[in-house]
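One structure is given here, and the rest of the page talks about it.
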Amino acid sequence: MNKKSDRRAGHPEPGSELANLRLRLAEAEGTLGAIRRGEVDVVVVSEKQGLKLFTLDGAGEAYRTLIESMNEGALTLTADKTIFYANACFARMVKSPLEQVMGGSFRRFLAPSDLIAVRALLHKKMALAGAKLQVQLTAVDGTRMPAQISFRPLAERGPDGATLSVVVTDMTAAQRGENELRALANRVVQVQEAERSRVSLELHDNITQLLCAIQFRAQSLVASLPARIGPARAEAEKLRDMLGDTVKEVERIAHNLRPSVLDQLGLSAALRETCTEFSARSGLIVTLGCEQLAERLPPDTELALYRILQIALNDVAQHAHARCVKVALTQRDALVELVITDDGLGFDPQSPRNRKTARDGIGRLSMQERTRYVGGVMTVKSNGLRGTELEIRVPMSSGATLGPGRA
C-alpha cells in the first residue's frame, strides 16, 4: 500500500506519460506543417537565457493572404515557364484543381497564336517589366476566356527557381462592355447614314428645285429690265448669279451626304471625285492612285472608306497646314488598304496632351469606329514636321475581322 502511494506521488503512470509524449509530438508536427505551408512568421524558443525569436525566410503570410484574396489570377513561373505557384482564382479561371495547376506548364493554358506573342515578348527582357498582352485563356475543358496577362520579372531569382511573376485578369465583362459600346456606335453610324440619305434627298428634290425656280425668275427679271436703268439691272444680275452659286453649293452638300457615284460606279470613282472636288475647293495638290480591285467591296465597307477619306481630307485642310496629299487604294490578297499621307504638321498619337486636340479628337475616333465597324484596323504614323500617314486595312469579304497578327 505504501509503495503504490509513493509511485503515484513521485512518478507519473506510464500510460499518462505516453499520452503526454503523443500530444507533444502532435503539436510539433502541427508546427512543422505550418512552417512548411508558410503560415509561421516567427518561432519563439524558450532557453535558459530567456525567450529567443527566430524569423523564417518564408515569413510572407500577409502577402500570401492578399494574393489569395485577389479577384485576379496570380502566378510565379520558373525559367522554363513551369508554374511554381498559383492562387485559387487562377485555378478557377482554368477550371482545374490547384494541385494540378502548380507544377504544370503555363503554356498549356494559351492558344497557339497567343503563345507566339508571349514568346516574342519574353525574349524582349528590357520591355518585359509591366508588359501586358490580350489573350484567350484556355481552360482544361477547352473553353476560352478573354484575359489580360501582365508580366514582371522578379528582382532576384528565388530559391524555388521562380523568375517571373504573372497577373491574369478576366476581361469577359470588359469585352462585353466594349462590344456593347461598339454595337451602339455602329447603330449610331447606321442611323446617321440613314438621316444623311433622307436629308440629301430632301435637298435634291425640294430645296434645289425651289432655288432653281427662283433663279429662273431672277433671269426673267434681268431680261425684263430696260437697259436705261443700268444699276438696277446690274443688281438683278448679281442676284441671279448668287442664286446660281447657291444651287451649286446645295448640290455639292447633297452629293457629299450620299454620293450617287458610290452606289453607281463604285469606290474608286467616288474617291477620285472626292479628291478632285477637295483639291479645287482647298487649293491643295491631291494625288490619287487606285488599283483595280479583284471584286467590288461590300456596300458598308465602301461607304466606310469613303467617309474616312472625307474626314481625313477635312482634317488636313483644317489642321495640318499641308501642301500635298497622297491617297492610295491597294489590294493585298484578301485585304484592301487605304493610305492617306500629307506633308503638313504632324503630332504624337501616343501623347495624352495631343489626344485632346482637334486633329486627334472626334475625327480620329469617328474613323476608328468606322474602321472597326467593317472589321478593319487603323494605324496612324505622325511625327513633328514630317507629316502624317493614315493607314486603313479592311477585309474584302463582309463579316470578316482582321486579327492582331494581321493588323
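Quick note: the sequence shown uses the working numbering, first residue 59, plus one each step.
Every residue, glycine too, gets a C-beta built ideally from N, C-alpha and C.
{"Asked": "Residue environment, Asp479, which counts as buried when at least 16 other CB atoms sit within 10 Å", "Found": "Past the boundaries of the shown model lies residue 479; the chain is included only from 59 to 465, so the question cannot be answered."}
{"Asked": "Cys348 - partner residues in DSSP beta bridges", "Found": "Leu387"}
{"Asked": "Cβ neighbour criterion (16 or more within 10 Å) applied to Met436", "Found": "buried"}
{"Asked": "Rounded straight-line distance, which links the Cα of Lys139 to that of Ala352", "Found": "46 angstroms"}
{"Asked": "Sheet register partners of Gln194 (DSSP bridge)", "Found": "Pro204"}
{"Asked": "Leu195 and Val152 closer than 8 angstroms at C-beta", "Found": "yes"}
{"Asked": "C-beta contact flag for Ile207 and Val198 at 8 angstroms", "Found": "no"}
{"Asked": "Limits of the unbroken beta strand (DSSP E) element including Ser440", "Found": "Val435 to Ser440"}
{"Asked": "Per-residue DSSP class, three states only, for Pro211", "Found": "strand"}
{"Asked": "Own chain, CB closer than 6 angstroms to Ala189, minus 5 neighbours either side, in chain order", "Found": "Leu179 and Phe209"}
{"Asked": "Option in Glu130, Phe164 and Met128 with minimal Cα separation from Phe142", "Found": "Phe164"}
{"Asked": "Three-state class that DSSP yields for Ser455 in the structure shown", "Found": "coil"}
{"Asked": "Leu393 versus Ala375, Gln426 and Arg354, residue with shortest Cα-Cα distance", "Found": "Arg354"}
{"Asked": "Collapsed DSSP secondary structure at Glu449 in the structure displayed", "Found": "strand"}
{"Asked": "Minimum C-alpha distance to Arg259 - residue among Leu239, Cys147, Pro211 and Ala312", "Found": "Note that residue 259 is Leu in the sequence shown here, rather than Arg. The candidate whose alpha carbon is nearest that of Leu259 is Ala312."}
{"Asked": "Proximity winner among Leu133, Leu124, Arg240 and Ala231, relative to Gln426 (alpha-carbon distances)", "Found": "Arg240"}
{"Asked": "Euclidean distance between Cα positions of Pro453 and Leu168", "Found": "26 angstroms"}
{"Asked": "Which listed residue (Val319, Val308, Val246 and Ala285) has its alpha carbon closest to that of Asp263", "Found": "Val308"}
{"Asked": "Buried versus exposed, by CB contacts within 10 Å (16 or more), Ala281", "Found": "exposed"}
{"Asked": "Counterpart residues of Gly131 in DSSP-defined beta bridges", "Found": "Val226"}
{"Asked": "Pair within 8 angstroms by beta-carbon distance, Ser422 and Gly434", "Found": "Residue 422 is actually Arg in this sequence, not Ser. Not a contact, by the Cβ cut-off of 8 angstroms."}
{"Asked": "Start and end residues, alpha helix (DSSP H) containing Val159", "Found": "Leu156 to Val159"}
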